[in-house]
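Some notes on the structure that comes next.
Protein chains in written order, with UniProt numbering: chain A, 1 to 215; chain B, 1 to 215.
In structure tokens form, the structure reads like this:
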């Protein structure tokens with residue numbers, strides 16, 4: 001588990017592994033890996049800059065100077081995660097793309113310990129982390145819009161389909177059930193939520209009325 | 001704002017107001033109101049049993065003895081909220097019932113301060129609170145199943161419709177966007193999510209295959 005295993009969609013190696021940038025990049029990677037490991041083991045309450053520095057094998061003043069506090073460390077975990085080349089699944093149909101995407105989310109949210117769930121929880125504690133999480137989610141949903149544009153090109157969906165609303169509808173039930181309602185994980189959940197969104201999309205649920213796009 | 005204003009669906013007066021139960025019930029109400037007020041003003045980090053006791057005007061040992069700690073106090077806020085007679089909206093159609101339900105959720109999640117959002121955040125801090133929140137949500141979703149059974153009786157939906165999945169699909173986008181993604185509140189959101197779920201339901205998204213119900 002690395003700092004970049006963030007879901008909803010990310011299970012890519014962190015960027016500093018792919019683009020080794022010398023000592024600074026290496027230290028960043030060590031520190032962010034240590035944040036994720038400490039968070040997974042002890043939760044937010046056990047997460048301290050000192051523990052992160054010790055685990056990463058760097059001097060505590062390095063951590064203070066560069067990241068400031070726990071919120072700054074968490075924010076950088078989110079920021080590092082979006083600096084990758086993750087792309088959503090491309091399986092040939094809207095429903096199966098959404099199902100594959102939901103499988104990634106389901107896996108991230110049901111991993112034990114789940115770094116994603118721990119980071120979501122931590123974002124309720126730190127405004128800096130919350131803002132970075134918002135940026136990461138915005139990035140992930142923006143990348144996923146290609147799922148919808150491909151479906152439009154294939155003729156599966158009408159051109160004026162609101163991609164973001166469709167993607168939120170497809171993925172929201174997983175977050176709601178696994179993070180908030182804490183229901184038992186169900187292997188059918190990813191496919192069912194994908195099918196629900198695809199059926200609603202085909203029925204025009206996400207089609208913007210022409211008026212909203214001007215004349 | 002009282003301890004019972006919990007959403008997704010509850011904006012009822014707390015039970016102890018409707019069924020005055022003497023001193024014990026009155027103290028419980030004072031204490032739970034104080035928990036909600038302290039949580040709204042200071043968040044979880046400012047919530048202490050001493051501050052709650054002071055605000056409620058009861059002795060601190062009364063709070064310790066009866067609720068133990070902050071987790072116990074929060075759990076009782078959730079438990080008190082489900083001890084009411086809240087029923088979901090009954091407007092005559094599936095889509096408008098879901099839209100009215102979503103309006104209640106949207107109002108609860110966008111109130112400032114939002115007690116519901118503060119309680120969701122607090123549930124990531126206390127296992128006792130998290131379990132009580134799960135019980136309350138289970139209670140609320142169970143009560144909402146009548147929305148689906150009424151639609152089945154009206155012939156809007158096939159008999160073998162999975163009520164819970166439909167209700168989660170209808171409501172999840174609001175929680176996802178307002179609590180996790182923290183997108184800007186949008187007055188169209190409740191109706192759009194309701195329409196999406198109703199269209200998916202009409203297209204058979206929540207219809208259980210006969211095999212799952214046996215012969």
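C-beta atoms are modelled at their ideal positions from N, C-alpha and C, and glycine is treated no differently.
Can you tell me whether residue 71 of chain A is buried or exposed? The criterion is at least 16 other CB atoms within 10 Å of its CB, across all chains shown.
Label assigned to residue 71 of chain A: buried.
| Runs of alpha helix (DSSP H) lying entirely within the stretch 77–160 of chain A, each at least 4 residues, in chain order | Taking 4 residues as the minimum length, the alpha helix (DSSP H) runs contained wholly in the stretch 77–160 of chain A are 94–110, 115–123 and 127–153, in order along the chain.
Item to complete: For residue 168 of chain B, go through chain A and note every residue whose CB falls closer than 8 Å to its CB, in chain order.
Response: In chain order: 173, 176, 177 and 181.
Excluding the 5 residues preceding and the 5 following residue 133 of chain B in the sequence, name in chain order all residues of the same chain whose CB lies nearer than 8 Å to its CB. Excluding five sequence positions before and after residue 133 of chain B, the CB atoms of its chain that fall closer than 8 Å to its own CB belong to 78, 119, 120 and 123, given in chain order.
Worksheet item: Hey, does residue 86 of chain B have any beta-carbon neighbour from chain A nearer than 7 Å?
Response: At a cut-off of 7 Å between C-beta atoms, residue 86 of chain B does not count as an interface residue with respect to chain A.
Check residue 184 of chain A in the structure and name its three-state DSSP category. The answer is coil: DSSP assigns residue 184 of chain A none of H, G, I, E or B.
field: Under 7 Å from the C-beta of residue 124 of chain A: neighbouring residues of chain B
entry: Within 7 Å of the CB of residue 124 of chain A, the CB atoms of chain B belong to 121 and 124, in sequence order along the chain.
Discussion item. Among B:56, B:203 and B:157, whose alpha-carbon lies nearest the alpha-carbon of residue 25 of chain B?
Written reply: The shortest C-alpha to C-alpha distance from residue 25 of chain B to any of B:56, B:203 and B:157 is the one to B:56.
* Asked: Is there a Cβ from chain A that is less than 7 Å from the Cβ of residue 214 of chain B?
  -> Since pLDDT at residue 214 of chain B reaches only 44, below the 50 mark, its modelled position is unreliable, and no value is offered.
Just the Cα atoms here: how many angstroms apart are residue 49 of chain A and residue 49 of chain B? Just so you know, the alpha carbons of residue 49 of chain A and residue 49 of chain B end up roughly 29 Å apart.
Quiz item: With a CB to CB cut of under 6 Å and the five nearest residues on each side skipped, what residues in its chain are close to residue 190 of chain B?
Solution: Excluding residues within five positions, the ones whose Cβ falls inside 6 Å are 99, 102, 103 and 106.
- Could you check how far apart the C-beta atoms of residue 148 of chain A and residue 166 of chain A are, in whole angstroms? I think they sit under 8 Å. The Cβ separation is near 6 Å, so the contact holds.
- Query: Rounded to whole angstroms, how far is the Cβ of residue 110 of chain A from the Cβ of residue 178 of chain A, which I believe are closer than 8 Å?
  - Reply: Right, the Cβ-Cβ distance comes to about 7 Å (below 8 Å), so this counts as a contact.
What residue range is occupied by the uninterrupted alpha helix (DSSP H) comprising residue 242 of chain A?
Not covered by the structure: residue 242 of chain A. The range shown for chain A is 1 to 215.
- Message: For residue 197 of chain A, count the other beta carbons within 10 Å of its own beta carbon; 16 or more makes it buried, fewer makes it exposed. Which is it?
- Response: Looking at its Cβ environment, which holds 16 or more other Cβ atoms inside 10 Å, residue 197 of chain A is buried.
Q: Determine, using beta carbons only, whether residue 129 of chain A and residue 74 of chain A come nearer to each other than 7 Å.
A: The answer is yes: Cβ separation under 7 Å.
Q) Mind checking if residue 51 of chain B is an interface residue toward chain A, Cβ cutoff 7 Å exclusive? A) Chain A contact via Cβ: absent.
Worksheet entry | Any non-hydrogen atom of the ligand NAP within 6 Å of residue 32 of chain B CB | This structure simply doesn't include the ligand NAP, nor any ligand for that matter.
Locate the alpha helix (DSSP H) running through residue 232 of chain B, then write down its first and last residues. Because chain B is modelled from 1 through 215, residue 232 of chain B falls outside the range shown and cannot be assessed.
List the DSSP bridge partners of residue 207 of chain B.
DSSP, once it has assigned bridges, lists B:161 as partnering residue 207 of chain B.
| request: Would you kindly work out how many angstroms separate the C-alpha atoms of residue 35 of chain A and residue 22 of chain B, rounded to a whole number? | output: Distance between the alpha carbons of residue 35 of chain A and residue 22 of chain B is about 51 Å.
Self-check item: Min CB distance residue 196 of chain A to chain B below 7 Å
Solution: Using a Cβ-Cβ cut-off of 7 Å, residue 196 of chain A counts as an interface residue toward chain B, since at least one Cβ of chain B sits closer than that to its own.
Quiz item: Using CA coordinates, which residue listed in A:138, A:91 and A:153 is at the minimum distance from residue 227 of chain A?
Solution: What is shown of chain A runs 1 to 215, which leaves residue 227 of chain A out entirely.
Next on the checklist: Going by DSSP in three states, residue 58 of chain B sits in which element: helix, strand or coil?
Outcome noted: In the structure shown, residue 58 of chain B sits in coil (DSSP, three-state: anything other than H, G, I, E or B).
Are any of the Cβ atoms in chain A nearer than 7 Å to that of residue 103 of chain B?
Residue 103 of chain B does not count as touching chain A.
- Message: So, for residue 88 of chain A: in the same chain, excluding its five sequence neighbours on each side, which residues have a beta-carbon less than 7 Å away from its beta-carbon?
- Response: By the criterion of a C-beta distance shorter than 7 Å, residue 88 of chain A is surrounded in its chain by 9, 97, 101, 143, 144, 146 and 147, once the five residues flanking it on both sides are discounted.
Quiz item: Does DSSP classify residue 33 of chain B as helix, strand or coil?
Solution: Three-state DSSP puts residue 33 of chain B in a helix.
Short of 6 Å in beta carbon distance, which residues of its chain neighbour residue 94 of chain A, apart from the five on each side in sequence? Order them along the chain.
Around residue 94 of chain A: 151, 156 and 198.
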